[in-house]
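Okay, structure first, notes after.
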Amino acid sequence: MATRKEIMALPLTNVEKGAPVHFKNPPAAFFDAIGGEAGMKELMYDFYDKIYESKIAHFFPQDEDEFEKVKEKNTKFFVQICGGPKVYEDESKGMELNEYMIRIHDDFSINENNRIEWLGTMREALADKAQHVDIELIREFWDYLEKFSKLTVNTFADGSTYYAAYQQAKEDK
Ligand code: HEM
């Protein structure tokens, strides 16, 4: 179990351009606790509904059918990255999942503020949809998001760009 207050207190740290990012994929125990594929869908659909109310809404398709596709793909990714069934396999074209995810984001100019907004939106979705999950499991899921999201930031305050190489991502198994 977790309280809204505990979830809203999940920590945020800053991106350092080019610095190695150590992260661990989320545990399968989180996937089970959120409620498997159905629970993950509920969390991710809520997250995307909130994204459309957020400061980063303009990054995402405005067309309803396209928006639906992003929701579906996003859910599949999170099912697989959390150790659930390999439902995203066809999308990632044989690439390692996290590497593929970094490259997907290269098409968008994402800065630190956008990342903070993305994470803040996810934290709200967790507060609404994950209170039945043990806080320690939520912390592990969050830890992955908080760290991995640093590799999606490619645009910096001085106007420069930097696209994370996959070897910058250190997966601690
Ligand atoms: C932990 C960090 C993140 C993860 C795991 C993640 C995951 C995903 C996934 C699974 C997709 C769908 C990919 C597909 O088409 O199959 C996606 C798309 C996208 N993400 Fe992220 N994301 C992260 C961070 C961010 C951040 C910080 C932004 C900031 C704006 C962002 C913006 C987008 C955009 C614009 C799309 C594409 C939507 C489209 O297809 O038009 N993401 N992301």
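Numbering follows the numbering used here, with no gaps: position 94 of the sequence shown is 1316. Using N, Cα and C, we set each Cβ at its ideal position, and we do this for glycine too. Just so it is clear, the structure is predicted and the values come from calculations on it, not from any experiment.
Three-state secondary structure (DSSP) at residue i?
i: Val1243; result: strand
i: Thr1383; result: strand
i: Ile1278; result: coil
i: Glu1238; result: coil
i: Thr1225; result: coil
i: Ala1250; result: helix
i: Asp1268; result: helix
i: Gly1257; result: coil
i: Asp1287; result: helix
If you measure from the CB of residue i, is any heavy atom of ligand 1 nearer than 7 Å?
i: Glu1346; result: no
i: Ile1324; result: no
i: Pro1283; result: yes
i: His1280; result: no
i: Trp1340; result: yes
i: Ser1276; result: no
i: Ser1382; result: no
i: Phe1330; result: yes
i: Glu1313; result: yes
i: Thr1235; result: no
i: Asn1376; result: no
i: Leu1367; result: yes
i: Lys1293; result: no
i: His1327; result: yes
i: Asn1296; result: yes
i: Asn1336; result: yes
i: Phe1370; result: yes
i: Phe1299; result: yes
I'd like to know whether the C-beta atoms of residue i and residue j end up nearer to each other than 8 Å.
i: Thr1377; j: Asn1333; result: yes
i: Phe1252; j: Phe1363; result: yes
i: Arg1345; j: Thr1374; result: no
i: Trp1340; j: Ile1278; result: yes
i: Phe1370; j: Phe1330; result: no
i: Ile1436; j: Ile1324; result: This structure leaves residue 1436 out entirely; the chain is present only between 1223 and 1395.
i: Met1262; j: Phe1300; result: yes
i: Glu1313; j: Lys1295; result: yes
i: Asp1328; j: Tyr1385; result: yes
i: Asn1247; j: Tyr1388; result: no
i: Glu1368; j: Leu1234; result: yes
Can you list, in chain order, the stretches of the alpha helix (DSSP H) that have 4 or more residues and sit fully within the region 1300-1385? 1319-1327, 1334-1351, 1357-1370
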